[in-house]
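Take the sequence shown: its position 371, counting from 1, is numbered 1018 in the numbering used here, and each next residue is one higher.
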Amino acid sequence: MNFDQIFESAQSAFLFYKNLPGKEKGAFLRRIADGLEAEKVELIGLASQESNLPEGRITGELGRTVGQVRLFAHLVEEGSWLEATIDHADPERVPVPKPDIRRFLTPLGPVVVFGASNFPLAFSTAGGDTISALAAGCPVIYKAHPAHPETSKLVGQVIHKAVIDSSLPIGIFTHVEGGIDTGQALVRHPLAKAVAFTGSFAGGKALFDAANQRTEPIPVFAEMGSVNPIIALKEKLGSDISGLAKQFVASLTLGAGQFCTNPGLIMVPGVHAEEFAKAVKQELQQIVAAPMLHEGIASAYYNAIAILQERRELEWVQIVEAKDLIKAFPALAKIKAIDWLEDDHFQQEVFGSFALMVVYEHFNELYAIAQRLHGQLTITLWGEEEELAKKVDLINQLEEKCGRLLFKGVPTGVEVGYAMQHGGPYPSTTDSRSTSVGVYAIKRFARPIAFQDMPNSLLPDALREENPLGIWRTVDGNFQN
């Protein structure tokens, strides 16, 4: 595999593609969406076979994938994401004349995207990272995940056909297969300008380190998972123990617990701990063990639980009695807050349907837990409105620990839209300022550039005085089109 040829082709394509009007980029993305729908039957069967996920789940994931492609198509066609900003000149200003300055976002260049194991469509070949990079104007070198190679190839063919049908340079998208060495080589290539990754902490951190050891460091947008704590306040939990137990277990075991927003940690007040644990156990006993993505993930799940079983601080509410080479049996352990606070190991993610229940006795313990939490993708706070009004300090502390703070429901289920934030403080991601879901994902792959006193005829269309794109812009401090 000649990486120099791949990146040189991508760089050449970039110099053309970055200047392509938003409407033409949108048309290209819509061809990808249409192509995915045209291959729906084969894609669903293939992805289900390779991932062990049921066809119903894959059908929903395909719908989400197509939907987010079209969302980004609309975004680039509309154009305001460019943040076009104009400050007109004032030659009469004293003591010095004011220059004409115009600023907008411009794409970074070739982006290396790594596929995720747990989402063979929505976070893989034509997933949010690839599509947001293409929408920004960046070519993509996509590193396929070995867990679903044939699915990735088929989606790659759909994107390739869309490139051809749109009369775009072939280097705009390249599908690459290989192992860890291949991934490291892609990140280290001097023409790579950014990296997007969804997966384990170890994998994301290795790519982050490699990118920062380059002569020219580049940004790595790695989503590395989290335990997504749920914090139950006394009155709320006491008012609906059974209902909240059902919600929690449904979220915990969804997809065999193989979601980055899986709630692997729940804090409950001591006064309701026994009753809630009993209700959760009853729900867990009704769950049918589901296949995990592959044997390696199942093995890691059981190994992580075996390590926890050696800890004397834990009381097991539901233990895994027998191992299965592929299926995940859910498990739940309980620990006192004072013990949880003593060891950061209890914050480590177990990828699968395992959760740790932390029992706190008073608010000071709960606040100490909030202070000790690592960075999370999500935190959920269950409380009655009157309770929450008395816990402003807790809410303020939790805001510092997550990218999305929920006040009802459960963290699984990530809406793809304009306001979604899917990213959080380290170690949940490598850059808490970014999101990998929703339209703002596009801004990971663009940087600001300003033009001072540039002739109008040479300016990019987004910054020309006559506004040929008809987009919303900030002109002399006023938002207008």
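Where is the CB? At the ideal position from N, CA and C, for every residue including glycine. Since we're looking at a predicted model, the values are computed, not measured.
- DSSP, reduced to helix, strand and coil, places Phe719 within a helical segment of the structure shown.
- Closest option to Asn765, judged by alpha-carbon separation, among Pro793, Val823, Pro744, Gln658: Pro793.
- Excluding residues up to 5 positions away in sequence, Asn909, Pro910, Pro977, Ser1000, Ala1002 lie with their Cβ nearer than 7 Å to the Cβ of Leu899 in the same chain.
- Between Pro767 and His795, the beta carbon gap of about 4 Å places them in contact (Cβ cut-off 8 Å).
- Linking Val743 to Thr732 through their CA atoms gives a straight-line distance of about 22 Å.
- In the three-state scheme derived from DSSP, where H, G and I count as helix and E and B as strand, Tyr789 is classed as strand.
- For Val1005, the enclosing beta strand (DSSP E) starts and ends at 1001-1007.
- Taking the C-beta atoms as reference points, Ala849 is found no nearer than 7 Å to Val759.
- DSSP places Phe650 in the uninterrupted alpha helix (DSSP H) bounded by 650-664.
- The beta carbon of Ala780 sits closer than 6 Å to the beta carbons of Val758, Val787, Phe1092 from its chain, once the five residues preceding and following it are set aside; these are given in chain order.
- Inclusion of Lys808 and Gly669 in the CB contact set at 7 Å is not warranted, their separation being larger than that value.
- Of the residues assessed, Pro754 falls on the buried side of the cut-off, its CB having 16 or more other CB atoms within 10 angstroms.
- Selection Ser847, His1009, Arg835 evaluated against Thr862 yields Arg835 as nearest (Cα-Cα).
- The beta carbon of Ser889 sits closer than 8 Å to those of Ala926, all from its chain and outside the five residues before and after it, given in chain order.
- Within the stretch 778-863, the complete beta strand (DSSP E) segments at least 3 residues long are 787-790, 820-823, 841-845, listed from N- to C-terminus.
- For the pair Gln652 and Gly818, the Cα-to-Cα distance works out to about 10 Å.
- In this structure, the straight-line span from the alpha carbon of Ser814 to that of Ala869 is close to 32 Å.
- For Val874, there is no enclosing beta strand (DSSP E), as DSSP marks it with neither H nor E.
- With respect to Glu960, Ile985 sits apart: the two C-beta atoms are not nearer than 7 Å.
- Sorting Asp991, Leu1013, Leu979, Asp747 by C-alpha distance to the C-alpha of Gly917 places Leu1013 at the top.
- Taking C-alpha positions only, Trp963 is separated from Glu989 by approximately 19 Å.
- One Cα belongs to Asp776, the other to Ile944, and the distance between them is close to 23 Å.
- Exposed is the label assigned to Gln1127, since fewer than 16 other Cβ atoms lie within 10 Å of its Cβ.
- CA-CA distance, Pro1102 to Pro1095, rounds to 19 Å.
- According to the DSSP secondary-structure assignment, Asn1125 is paired through a beta bridge with Val1122.
- Pairing Tyr664 with Glu739, the inter-Cα distance amounts to about 40 Å.
- Per DSSP, reduced to three states, the secondary structure at Gln994 is helical.
- Sequence-distant Cβ neighbours of Arg1111 in its own chain, meaning closer than 7 Å and more than five residues away, are Asn1103.
- Spatial neighbours of Glu724 in its own chain (CB-CB distance under 7 Å, excluding positions within 5 residues in sequence) are listed in chain order as Gly669, Lys670, Gly673.
- For the 7 Å CB-CB criterion, Met1004 and Ile973 do not form a contact.
- For Val1061, the CB contacts under 8 Å within the same chain, skipping 5 residues up- and downstream, are Thr908, Met1067, His1069, Val1084 in chain order.
- Each residue's CA atom was taken as its position, placing Val935 and Leu901 some 11 Å apart.
- Bounds of the beta strand (DSSP E) holding Asp734 are 732-734.
- Judged by their CB atoms, Arg678 and Asp812 are nearer to each other than the 7 Å cut-off.
- Here DSSP, grouped into helix, strand and coil, assigns Ile1096 to strand.
- The secondary-structure analysis by DSSP pairs Leu912 across a beta bridge with Leu1003.
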